[in-house]
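To start, the structure under review is shown below, and the notes come after it.
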Amino acid sequence: MENPACWVMTECPQGKILRESLEALSAGLAFQKQYRMETVVLWTGARPEDAQLDYLASLGVRRVICLEGARGEGEKEEALLFGLQGLYLRHKPQYMFFGASPRSLSLAPMLAALLEVGYVAKATYLRRVGDTLSLTRPSMQGALSEVLRFLPPTHGMASLYPRAFDVPGPSESLPGEKLIPEIYPLPQHEERSQNWEVVERTLEPAEALDVEDAEVVVAGGKGMGSEANFALLQDLASCLGGAVAASRIVVDIGWAPKERLVGQTGKKVFPELYIACGISGAHQHRAGMKEARHILAINTDPQAPIFQIATWSILGDAPQVVSQMIRQLRELREAN
Ligand SMILES: Cc1cc2nc3c(=O)[nH]c(=O)nc-3n(C[C@H](O)[C@H](O)[C@H](O)COP(=O)(O)OP(=O)(O)OC[C@H]3O[C@@H](n4cnc5c(N)ncnc54)[C@H](O)[C@@H]3O)c2cc1C
Numbered sequence: 007m008e009n010p011a012c013w014v015m016t017e018c019p020q021g022k023i024l025r026e027s028l029e030a031l032s033a034g035l036a037f038q039k040q041y042r043m044e045t046v047v048l049w050t051g052a053r054p055e056d057a058q059l060d061y062l063a064s065l066g067v068r069r070v071i072c073l074e075g076a077r078g079e080g081e082k083e084e085a086l087l088f089g090l091q092g093l094y095l096r097h098k099p100q101y102m103f104f105g106a107s108p109r110s111l112s113l114a115p116m117l118a119a120l121l122e123v124g125y126v127a128k129a130t131y132l133r134r135v136g137d138t139l140s141l142t143r144p145s146m147q148g149a150l151s152e153v154l155r156f157l158p159p160t161h162g163m164a165s166l167y168p169r170a171f172d173v174p175g176p177s178e179s180l181p182g183e184k185l186i187p188e189i190y191p192l193p194q195h196e197e198r199s200q201n202w203e204v205v206e207r208t209l210e211p212a213e214a215l216d217v218e219d220a221e222v223v224v225a226g227g228k229g230m231g232s233e234a235n236f237a238l239l240q241d242l243a244s245c246l247g248g249a250v251a252a253s254r255i256v257v258d259i260g261w262a263p264k265e266r267l268v269g270q271t272g273k274k275v276f277p278e279l280y281i282a283c284g285i286s287g288a289h290q291h292r293a294g295m296k297e298a299r300h301i302l303a304i305n306t307d308p309q310a311p312i313f314q315i316a317t318w319s320i321l322g323d324a325p326q327v328v329s330q331m332i333r334q335l336r337e338l339r340e341a342n
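Reading the sequence shown from the start, the letters are residues 7 to 342 in our numbering.
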């Protein structure tokens with residue numbers, strides 16, 4: 007018998023709930039409101055503190071399950087995987103949602119494969135149709151939008167596209183009762199049935215931050231003028247903790263690799279801030295970035311289409327404006 011609950015894996019490194027987990031929680035809470043499914047926070051890491059539980063309660067969460075007790079850093083991911091497997095088999099939630107954090111994106115497909123449950127990666131929209139879940143996601147590098155659904159029995163797992171869902175706000179209903187987490191220990195090594203091992207883990211350099219994951223995207227177009235000027239964008243992105251993106255022309259002429267392409271044939275991004283430097287704003291480019299929360303456009307042409315969707319516009323030479331922004335941000339950082 008299915009449990010009409012929707013579990014949300016929630017990561018909280020260094021005491022702060024990840025934004026990606028909150029985005030997944032937002033999807034879960036929408037299900038609780040619209041379809042009366044119970045949203046359960048699956049808390050991983052150190053036991054939640056009272057303030058964190060109060061915060062979750064204020065969002066409308068009514069149940070928290072906490073998996074705790076890995077033996078060592080290196081072992082955590084495998085322990086978590088088998089812990090999640092055990093909990094899932096015990097409770098059989100109908101759906102499980104994962105945010106787009108690196109750990110969740112790595113665990114979710116492994117868990118789905120272990121449990122032989124349907125899994126859809128990087129969904130941008132979720133809704134119930136009848137008694138099944140319909141999921142929308144970009145495919146063919148954003149050129150197509152696919153709608154998929156889980157076939158009965160309708161258990162399923164999904165990870166969410168970064169920034170496609172908002173962070174949840176306080177619940178409109180009265181605050182719930184105090185949350186008391188249900189604590190489950192992670193399984194010890196000898197309790198697991200594991201026929202594989204992790205051979206190596208490598209840390210990606212900061213400049214490799216994926217455009218899809220970044221809160222701030224600094225994008226450059228032909229108007230940056232040269233490859234050397236285009237390289238300035240990495241400095242600006244580093245000052246803002248963001249990632250560099252590019253228009254198609256820039257990728258075609260080799261100033262940026264194709265993983266940085268945003269648009270109809272590139273990636274679709276939903277950052278807090280998209281800085282478009284020397285980009286005309288052709289509709290094929292806008293297809294990948296128009297849903298950014300804020301857009302700052304820098305262009306010398308007042309008629310450039312990018313200005314039609316910009317939150318803030320700067321009419322000026324992009325390399326000069328970018329250099330000035332870098333200088334001022336560095337001065338600001340030194341002053342603090
Ligand atoms: C099937 C198809 C799919 C496509 N897919 C994509 C896609 O996924 N992504 C994508 O980006 N494009 C895509 N394109 C290409 C798209 O149509 C545009 O040609 C491209 O986005 C233009 O790139 P751009 O804005 O960098 O260059 P341009 O169109 O050349 O614009 C340069 C801009 O820089 C400004 N400028 C010039 N000098 C300066 C300066 N010194 N300072 C500030 N501004 C300056 C100009 O005013 C102009 O607005 C696709 C096209 C097709 C046909």
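Built from N, CA and C at the ideal position, the CB exists for glycine as well.
Between the Cα of residue 151 and those of 328, 294 and 307, spot the shortest distance and give me the residue it belongs to. In the sequence shown, the residue the question calls residue 151 occupies position 145. Minimum Cα distance to residue 151 is reached at 294.
Would you identify the three-state DSSP class for residue 418, choosing helix, strand or coil? Outside the shown range of the chain, which is 7 to 342, sits residue 418, and nothing can be said about it.
Do the stretch 133-143 and the stretch 47-64 touch if we need at least three Cβ pairs shorter than 8 Å? no
For the stretch 7-22 against the stretch 36-44, do three or more pairs of beta-carbon atoms, one drawn from each stretch, fall closer than 8 Å, so that the two count as touching? yes
Can you list, in chain order, the residues of its chain whose CB lies under 6 Å from that of residue 38, leaving out five sequence neighbours each side? Here residue 38 corresponds to residue number 32 of the sequence shown, with the count starting at 1. Excluding positions up to five away in sequence, the list reads 45.
Going by the DSSP bridge assignment, what does residue 235 pair with across the sheet? In the sequence shown, residue 235 corresponds to position 229, counting from 1. BP columns for residue 235 are empty, so no partner.
Could you give the DSSP three-state label for residue 287: helix, strand or coil? Taking the first residue of the sequence shown as 1, we reach residue 287 at position 281. Looking at residue 287 - three-state DSSP - the assignment turns out to be coil, as it is neither helix nor strand.
Terminal residues of the beta strand (DSSP E) in which residue 101 lies: Residue 101 sits at position 95 when you count from the first residue of the sequence shown. Taken as a continuous stretch (DSSP letters only), the beta strand (DSSP E) holding residue 101 covers 99-104.
Any idea which residues DSSP pairs residue 327 with across the strands? Here residue 327 refers to the residue found at position 321 of the sequence shown. Its beta-bridge partners do not exist; DSSP assigns none.
My understanding is that residue 64 touches residue 187, with C-beta atoms under 8 Å, so please give their C-beta distance in whole angstroms. Walking along the sequence shown from the start, residue 64 turns up at place 58. Walking along the sequence shown from the start, residue 187 turns up at place 181. Their Cβ separation, rounded to whole angstroms, is 16 Å, which puts residue 64 and residue 187 out of contact at 8 Å.
Can you give the beta carbon distance from residue 2 to residue 262, rounded, assuming they're within the 8 Å contact cut? Residue 2 is absent from the model: the chain starts at 7 and stops at 342.
Pick out every residue whose C-beta is nearer than 5 Å to a heavy atom of ligand 1: which are they, in chain order? 227, 228, 229, 253, 254, 255, 269, 270, 271, 272, 284, 285, 286, 288, 290, 291, 305, 306, 307, 310, 323 and 324
In whole angstroms, what is the alpha-carbon distance linking residue 31 and residue 307? On the sequence shown, position 25 is the one that residue 31 refers to. On the sequence shown, position 301 is the one that residue 307 refers to. Residue 31 and residue 307: Cα-Cα distance of roughly 42 Å.
Grouping DSSP H, G and I as helix and E and B as strand, with all else coil, what is residue 187? One-based indexing of the sequence shown puts residue 187 at position 181. Of the three classes helix, strand and coil, the one that applies to residue 187 here is coil, per DSSP.
Might you give, ordered along the chain, the residues of its own chain that have their beta carbon closer than 8 Å to the beta carbon of residue 184, omitting 5 neighbours on each side? Along the sequence shown, one-based indexing puts residue 184 at 178. Closer than 8 Å at Cβ, skipping near neighbours: 59, 60 and 63.
DSSP-derived helix/strand/coil call for residue 41: Looking up residue 41 in the sequence shown gives position 35. Helix.
Classification of residue 224 by the beta-carbon crowding that lies within 10 angstroms, buried from 16 upward: Your numbering for residue 224 matches position 218 in the sequence shown. When all chains shown are included, residue 224 counts as buried.
Cβ atoms of residue 160 and residue 142: under 7 Å apart, would you say? Stepping through the sequence shown from its first residue, residue 142 is reached at position 136. Stepping through the sequence shown from its first residue, residue 160 is reached at position 154. For residue 142 and residue 160, no; Cβs fall outside 7 Å.
Would DSSP call residue 203 helix, strand or coil? For the purposes of this step, residue 203 is taken as the residue at position 197 of the sequence shown. Residue 203 falls in the coil class under three-state DSSP.
Pick from 103, 237, 318 and 97 that is closest to residue 29, judged by C-alpha positions: Position 23 of the sequence shown holds residue 29. Considering only alpha carbons, the answer is 103.
Rounded Cβ spacing between residue 286 and residue 310 (contact assumed at less than 8 Å): Position 280 of the sequence shown, counted from the start, is the residue given in the question as residue 286. Position 304 of the sequence shown, counted from the start, is the residue given in the question as residue 310. Yes, residue 286 and residue 310 are in contact; Cβ-Cβ is about 5 Å, under 8 Å.
In whole angstroms, give me the CA-to-CA distance for residue 243 and residue 236. As a working mapping, residue 243 is identified with position 237 in the sequence shown. As a working mapping, residue 236 is identified with position 230 in the sequence shown. Answer to the nearest angstrom: the Cα atoms are 12 Å apart.
Identify, in the order they occur along the chain, each residue of the same chain with its Cβ nearer than 7 Å to the Cβ of residue 292, setting aside the five sequence neighbours on each side. On the sequence shown, residue 292 is found 286 positions in, with the first residue counted as 1. Same-chain partners within the cutoff: 315.
Using C-beta distances below 7 Å, list every residue in its chain close to residue 114, excluding the 5 sequence neighbours before and after it, in chain order. Looking up residue 114 in the sequence shown gives position 108. The answer, listed in chain order, is 104, 125, 163 and 165.
Give the secondary structure of residue 108 by DSSP, where H, G and I count as helix, E and B as strand, and everything else as coil. Sequence index remark: in the sequence shown, residue 108 carries index 102 (1-based). Correct three-state label for residue 108: helix.
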